[in-house]
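Protein chains in written order, with the working numbering: chain Z, 218 to 519; chain R, 218 to 519. Worksheet: one structure, shown below.
Number of protein chains: 2
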Amino acid sequence: MNTPNINQIKSFFLSLQDEICQQLEQIDGKEKFTEQCWQREEGGGGRSRIMKEGTIFEQAGANFSHVSGDMLPLSATAHRPELVGRHYQAMGVSLVIHPLNPYIPTSHANVRFFIAEKEGEAPVWWFGGGFDLTPYYGFKEDAIHWHTTARNICRPYGEDVYPKYKEWCDNYFYIKHRNEARGIGGLFYDDLNTPDFEHCFNFTQDIGKGFLSAYLPIVEKRKEILWGERERQFQLYRRGRYVEFNLVWDRGTLFGLQSGGRTESILMSMPPLARWEHDYHPEPESAEAALYTDFLPAKNWI
Amino acid sequence: MNTPNINQIKSFFLSLQDEICQQLEQIDGKEKFTEQCWQREEGGGGRSRIMKEGTIFEQAGANFSHVSGDMLPLSATAHRPELVGRHYQAMGVSLVIHPLNPYIPTSHANVRFFIAEKEGEAPVWWFGGGFDLTPYYGFKEDAIHWHTTARNICRPYGEDVYPKYKEWCDNYFYIKHRNEARGIGGLFYDDLNTPDFEHCFNFTQDIGKGFLSAYLPIVEKRKEILWGERERQFQLYRRGRYVEFNLVWDRGTLFGLQSGGRTESILMSMPPLARWEHDYHPEPESAEAALYTDFLPAKNWI
């Protein structure tokens, strides 16, 4: 079978959003997600969910969106002339989780599907997605667990899959103007359409379903660590980097904002609070310094 | 005289930075600017000054920079092929002031000079600059004072100057993905090289020296207004918009970050603290709502 079944994908994305929200609510124990459904005139709509001021999650956003149209933006067709004049659909689930406790890392996950169709011709389609981790205070065992889980999810699809998507992730989530990675990486893939639809869809399902098995054990392990003003200030400072990456370099965010996407949904990735401090440098040998020296530089964790 | 005297411009920019810092210190009464001088390998350097945690100014940044090189970035020469192969110098003073009291507006000012030279040919040069105001709580009389001062500075240079640069400012400081102005505008000009050097330099000096006469009376007038958590939260929320504009739309910031400029100096414009709140709407008829309805939509204040 190599013909994408859009309803099947949509159904998976919606149930993935449900499943993840439910599990995050369960671990938070206090707050629930609130939901906003929206439609856009140009075609399509979405289901945005957000949890605010939880015990564990200061903010967690989980978006499903499914947009369609007859005219792809020039930026999308410039490098893919075969897409001109095709009806397209883009669909995905996107998550950004900002925990309150600075010892719990921020995390991001995304799975997406794109298809461009034209009568009488084969559809052009692909999957993309991945997940990545942004710690404030690094723990080697957490990084190993995170990357081991990522590798185990990829393994049934070939030994080369994890290293390839791990490197892609390191390259993508890189803050060039800081010469710094956004975090310790994970997986990132795009344009996936081989060997066939079933393979690609299965892989994307495994990525989506596997995300919490990578993230939740880290949340559980770090949620009881006591923290104070020092850790909070460092977390807010590092969240400034998250803002910088998302607004200056993240192609998805920029494409959305510049092409008239739904701003409030796109910017659900923004942290609830962030700070900037001119010429800040962590104290040498401190836990904050270790983030820069031992965790952010790209490396093989496993 | 139509030959730019670079030392004369540099001397003006440096003394302007001195003068503005001194006056801001005087009105703050508590904190002083600290200075960092820097050099870059590719040519040039700068003098960055910042005041943090003042009584009035939560943060104020005042940068002087003078960079030079033999290769302009492609983005600069694409629309100006006459600049290819020329030695260039770019020089300017840039200010961003984030007051603590939410009743005092944030303000920004900039004056800059660019020149590209080649032996045996006439130099290509121009001035640019302006200032703009970003209130959290609007006061009609402040907006009128701000724009009246701007108009009075422009008047000796022609009746058409203020309306032209006021409109340019409204267009430039516009947050497209929010359909919102960044503030109530002011003046913005670029590519100014007619009728002659002296005229352009005089105008730029008047803009630079006039900025504080537009801003300080507003600071004085609003600095004693009592404020609390509600005003602080709204200020932090609106500062998020400031971050969004600067990182997504401001050509100067993006050009600097993407071309390997000095990140810590460029991002001195970031607020010390900012927040995002999904789907926030001010209460109808509130002072916060009035910002959106009565102040941000571009209008003729005088």
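Glycine residues also receive a C-beta, built at the ideal position from the N, C-alpha and C atoms.
Check	Outcome
Would you identify the three-state DSSP class for M218(Z), choosing helix, strand or coil?	Interpretation of M218(Z) is limited by its pLDDT of 48, a score under 50 that renders its predicted location unreliable; no figure is taken from the coordinates.
To the nearest angstrom, how far is it from the Cα of M218(R) to the Cα of Y509(R)?	Any reading at M218(R) is ruled out, since the residue's pLDDT is 48, under 50, leaving its predicted position unreliable.
Check whether the region 489-501 of chain Z touches the region 388-399 of chain R, taking contact to mean three or more Cβ pairs, one atom from each stretch, closer than 8 Å.	no
Output the distance between the C-alpha atoms of V465(R) and G477(R), rounded to the nearest integer angstrom.	17 Å
Since H362(Z) is in the beta strand (DSSP E), which residue starts that stretch and which ends it?	Premise fails: H362(Z) lies in the alpha helix (DSSP H), 357-371, not in any beta strand (DSSP E).
Could you tell me which of R479(R), I237(R), E397(R), N369(R) sits nearest to A277(R), measuring between CA atoms?	I237(R)
Tell me, please, whether the region 252-262 of chain Z touches the region 451-460 of chain Z by the rule of three or more beta-carbon pairs shorter than 8 Å.	no
Checking contacts by CB at 8 Å: is E481(Z) closer than that to chain R?	yes
In chain Z, which residues lie less than 7 Å from P319(R) when you measure between Cβ atoms?	The contacting residues do not exist; P319(R) stays about 16 Å from chain Z at best.
Taking 8 Å as the threshold (beta carbon to beta carbon), is R447(R) in contact with chain Z?	no
In this structure, does DSSP put P322(R) in helix, strand or coil?	coil
May I have the straight-line CA-CA distance separating H416(R) from R266(Z), to the nearest angstrom?	57 Å
Given I435(Z), which residues of its chain have a CB within under 6 Å of its CB, disregarding the five upstream and five downstream residues?	D359
Tell me whether A547(R) sits in a helix, a strand or coil according to DSSP, three-state version.	One cannot answer for residue 547(R) here, as it falls past the ends of chain R, which runs 218 to 519.
Which residues in the same chain have their Cβ closer than 6 Å to the Cβ of W385(Z), if we skip the five residues on either side of it in sequence?	F405
With DSSP collapsed to three states, give me the class of T294(Z).	helix
Consider the Cβ of H296(Z): report whether some Cβ of chain R lies at a distance smaller than 8 Å.	no
Along chain R, which residues have their Cβ under 9 Å away from the Cβ of R468(Z)?	Here the premise fails: no neighbours, minimum Cβ distance about 13 Å.
Tell me which residue opens and which closes the beta strand (DSSP E) that K269(R) is part of.	261-269
G457(Z) touches chain R at which residues, Cβ-Cβ below 9 Å?	V460, L484, M487, A491
According to DSSP, simplified to helix, strand and coil, what is M288(Z)?	coil
Just reading off the beta strand (DSSP E) that I314(Z) is part of, what are its end residues?	304-316
Hey, M268(R) and D235(R): beta-carbon distance below 8 Å or not?	no
Note down, in chain order, each residue of its chain lying with its Cβ closer than 8 Å to the Cβ of E248(Z), except the 5 sequence neighbours on either side.	E242, M268, K269, E270, G271, T272, F274
Residue range of the alpha helix (DSSP H) that T480(Z) falls in?	480-483
Check the Cβ of E242(R) against every Cβ in chain Z and list those closer than 8 Å, keeping chain order.	The premise fails here: E242(R) is roughly 17 Å from chain Z at the closest Cβ pair, so nothing lies under 8 Å.
Who are the Cβ neighbours of H304(R) in its own chain at under 8 Å, not counting the five residues just before and after it?	S285, G286, D287, A333, E334, K335
Quick check on this structure: which residue in S324(R), P352(R), R329(R) has the alpha carbon closest to the alpha carbon of S430(R)?	S324(R)
Evaluate F229(Z) with the Cβ neighbour count: other Cβ atoms within 10 Å of its Cβ, from every protein chain shown; 16 or more gives buried, anything less gives exposed.	buried
Counting along the chain, where does the beta strand (DSSP E) carrying R528(R) start and finish?	An answer regarding residue 528(R) cannot be provided, because it is not within the stretch 218 to 519 covered by chain R.
Name the DSSP bridge partner or partners of Y391(Z)?	A398(Z)
Excluding the 5 residues flanking W518(R) on each side, which residues of the same chain have their C-beta closer than 6 Å to its C-beta?	A360, I361, H364
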